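Mapping of the sequence shown onto my numbering: position 10 corresponds to residue 92, and the numbering continues sequentially without gaps.
Presented below is the structure to which this report refers.
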Amino acid sequence: MKDLLFTFFTKPRLKVAGEEMSFNHLEKDIIRPKFSEPRVHFALNCASRSCPPLNPEPFRADQLDAQLEKLAVAFANSPHGVDYNPGKKTAALSAIFDWYKDDFKAAGGSVAFINKRHNPPLPNDTKITYQDYDWSLNEAR
Numbered sequence: 083m084k085d086l087l088f089t090f091f092t093k094p095r096l097k098v099a100g101e102e103m104s105f106n107h108l109e110k111d112i113i114r115p116k117f118s119e120p121r122v123h124f125a126l127n128c129a130s131r132s133c134p135p136l137n138p139e140p141f142r143a144d145q146l147d148a149q150l151e152k153l154a155v156a157f158a159n160s161p162h163g164v165d166y167n168p169g170k171k172t173a174a175l176s177a178i179f180d181w182y183k184d185d186f187k188a189a190g191g192s193v194a195f196i197n198k199r200h201n202p203p204l205p206n207d208t209k210i211t212y213q214d215y216d217w218s219l220n221e222a223r
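Right under this line is the structure:
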């Protein structure tokens, strides 16, 4: 499944400003570098089970900040984003926070980004691990 998804995202499938490009190119070479906005990881979606849920509404320029924040808060408070066990003082974070850790640096790192949104914030002595990524289609959700 991962290979099928990878191919879907790496072949040119859309035209932006007259340029044919892949979804990967749009995300990695245009959106992420141009906007330096870590919340895009909760809006751009590969449709796998470990991805953040699809946004049920279109993105709008006049609401984009609020929409991105809503998605980030929802993911940080879901077991797919942060599986927190207060009894064991452990948190298994989505692999997104590991793969794209550089994107979260300006926010103080992944844990600082999460703590601004997770309820309750993760205690300082929380042991952090990363979840395995489930590439199967999210159709069953």
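Virtual Cβ for every residue (Gly too), placed ideally from N, Cα, C.
Since we're looking at a predicted model, the values are computed, not measured.
query                                                                                                                                                                            : result
Specify whether the region 104-120 and the region 134-141 touch according to this definition: at least 3 beta carbon pairs, one from each stretch, less than 8 angstroms apart.  : no
Under 8 angstroms, with one C-beta from each stretch per pair, do the region 181-194 and the region 90-106 reach the 3-pair mark?                                                : no
Within the same chain, show all residues whose beta-carbon is closer than 8 angstroms to that of D216, passing over the 5 residues directly before and after it, in chain order. : S130, R131, S132
From A155 to P94, what does the alpha carbon distance come to, in whole angstroms?                                                                                               : A small fix is needed here, since residue 155 is Val in this sequence, not Ala. Looking at the two C-alpha atoms, the distance is approximately 32 angstroms.
How about the region 188-204 and the region 163-180: do they share at least three Cβ pairs that are nearer than 8 angstroms?                                                     : yes
Measure the C-alpha to C-alpha separation of Y212 and I196 and round it to an integer number of angstroms.                                                                       : 14 angstroms
Whole angstroms are fine: how far does the CA of K170 sit from the CA of R223?                                                                                                   : Any reading at R223 must be qualified, since the residue scores a pLDDT of 45, below 50, and its modelled position is unreliable; no value is offered.
F117 to A143, Cα distance in whole Å?                                                                                                                                            : 14 angstroms
Just how far apart, CA to CA, sit S176 and N127?                                                                                                                                 : 14 angstroms
Measure the alpha-carbon distance for I178 versus T172 and round it to whole angstroms.                                                                                          : 17 angstroms
Beta-carbon separation of R121 and L96 under 8 angstroms?                                                                                                                        : no
Compare the Cα-Cα distances from Y161 to each of G190, F90, D214 and report the closest residue.                                                                                 : Before going further, note that residue 161 is Pro rather than Tyr in the sequence given. Of G190, F90, D214, the residue nearest in Cα terms is D214.
Name the one or two DSSP bridge partners that S130 has.                                                                                                                          : L219
Closer than 7 angstroms: is that where the CB of G190 sits relative to any heavy atom of the ligand NAD?                                                                         : In the structure shown, the ligand NAD is absent, as is every other ligand, since no ligand is present at all.
If you compare alpha carbons, which of H200, A125, I112 is closest to L150?                                                                                                      : A125
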